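Have a look at the structure below, then the notes.
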Amino acid sequence: MKQAILTLLIFTLTACGNDQSPDPAPTAPAAASDTAASEGPQVPAIVEFVWHQKADGFTDDALWSHADYWSNVAGEADWGLMVAAVMTPRIETENFDFLWVMAWPSQEARNNAWADWGANHEPAWLELTQNTFTYSAEHAYGFAPAPGRQATAPNTSGSSVVEFLFCGYNEGKGEADRQAFEALHAAYMDAYEAEVGATSYWWTAMTPLFELPNQNTPDYMWTNFWATDAEREAGYAAYADAPHAAKALEDATCQEPAVFDSRVIYTPQT
Numbered sequence: 071m072k073q074a075i076l077t078l079l080i081f082t083l084t085a086c087g088n089d090q091s092p093d094p095a096p097t098a099p100a101a102a103s104d105t106a107a108s109e110g111p112q113v114p115a116i117v118e119f120v121w122h123q124k125a126d127g128f129t130d131d132a133l134w135s136h137a138d139y140w141s142n143v144a145g146e147a148d149w150g151l152m153v154a155a156v157m158t159p160r161i162e163t164e165n166f167d168f169l170w171v172m173a174w175p176s177q178e179a180r181n182n183a184w185a186d187w188g189a190n191h192e193p194a195w196l197e198l199t200q201n202t203f204t205y206s207a208e209h210a211y212g213f214a215p216a217p218g219r220q221a222t223a224p225n226t227s228g229s230s231v232v233e234f235l236f237c238g239y240n241e242g243k244g245e246a247d248r249q250a251f252e253a254l255h256a257a258y259m260d261a262y263e264a265e266v267g268a269t270s271y272w273w274t275a276m277t278p279l280f281e282l283p284n285q286n287t288p289d290y291m292w293t294n295f296w297a298t299d300a301e302r303e304a305g306y307a308a309y310a311d312a313p314h315a316a317k318a319l320e321d322a323t324c325q326e327p328a329v330f331d332s333r334v335i336y337t338p339q340t
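Here the sequence shown is numbered in our numbering, starting from 71 and rising by one per residue.
What follows is the structure, encoded as structure tokens:
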């Protein structure tokens, strides 16, 4: 399972696709209601990760220039996109060099955006980016995120350290056990931050909206976010002695963390 999931790897974009718009994603849970959103950040219905490969003419400057172009397209098209980011792995992967990540408020918004992209924007995009990177809409993977615990000191830098762990429930365990762990983890973070102060750390557990062959689909993807490596390292050092850490091992078997550097490329203009 671990090897298959690592091959998939893989989070928070319609700048992707081949000659056809991707098929609609499997039905995702409804987005948070207006009442829930008023009490905290709205939780996306779908977070979509799209594989990208570097071309021979790739440079960081070209990537960010193209990302700015794409952001303007997304804003003018008014797709309802909540946020978009480019995530780059810190280890080499066989299937992609970076991920283009999009968070959608609903499946309908996601499907409409992809349709508009394919009909009105993709040809110009492919010509613009052909020497910089390539991608295929066949490798767009959607997840439904759970709320998680939000950061007490939100990261406003636009850059972050993101960590993915693909997990499968152990025999006799399930979503209720994960939710119980999350409650313990939230209480632990409250106590930890009472000592060290507010942090940028937050997490979400995402359920895949796709199936992998040979029953290799993970039950969920635990995703951690920090503003800096120093904060991540301090957090792990403290967590090693946390009394609830053993429960995570009892409830699920997870792959080793995959660490990415993330840079926000789009947020809605207010």
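Yeah, the Cβ is synthetic: ideal placement off N, Cα and C, and Gly gets one too. None of the values given here were measured: they were computed from a predicted structure.
Item	Value
DSSP state of Arg248 mapped onto helix, strand, coil	helix
Bridge partners - Trp184, DSSP secondary structure assignment	BP columns for Trp184 are empty, so no partner.
For Phe343, the residue or residues it bridges with in DSSP	Absent from the structure is residue 343, since the part of the chain shown begins at 71 and ends at 340.
Inter-residue spacing [alpha-carbon to alpha-carbon] between Gln177 and Ala115	7 Å
Between the CA atoms of Ala328 and Ala253 - distance to the nearest angstrom	24 Å
Boundaries (first-last residue) of the beta strand (DSSP E) holding Thr277	272-278
Buried/exposed call for Glu265, threshold 16 Cβ in 10 Å	exposed
Inter-residue spacing [alpha-carbon to alpha-carbon] between Trp292 and Ala318	11 Å
Boundaries of the beta strand (DSSP E) in which Asn142 is found, first to last residue	Element bounds for Asn142: not the beta strand (DSSP E) but the alpha helix (DSSP H), 130-147.
DSSP-derived helix/strand/coil call for Ser332	strand
At least 3 beta-carbon pairs within less than 8 Å: the segment 179-197 vs the segment 257-272	no
Neighbour-count burial assignment, Gln325, 16 or more Cβ in a 10 Å radius	buried
Three-state secondary structure (DSSP) of Thr293	strand
Contact set for Arg160: own chain, Cβ-Cβ below 6 Å, skip 5 residues either direction	Val329
Extent of the continuous beta strand (DSSP E) run through Gly238	229-239
Cβ neighbour criterion (16 or more within 10 Å) applied to Glu109	Its pLDDT being 46, under 50, Glu109 is placed unreliably by the model, and nothing is read from it.
C-beta contact flag for Gly218 and Ala275 at 8 Å	yes
Own chain partners of Ala100 with C-beta closer than 6 Å, once the 5 adjacent residues on each side are dropped	Any answer about Ala100 is weak, because its pLDDT of 42 lies below 50 and its placement is not dependable; what the coordinates show is given next. Closer than 6 Å at the Cβ level, and outside the excluded window around Ala100, lies no residue.
Residues near Thr337 by beta carbon distance below 6 Å, same chain, minus five either side	Val153
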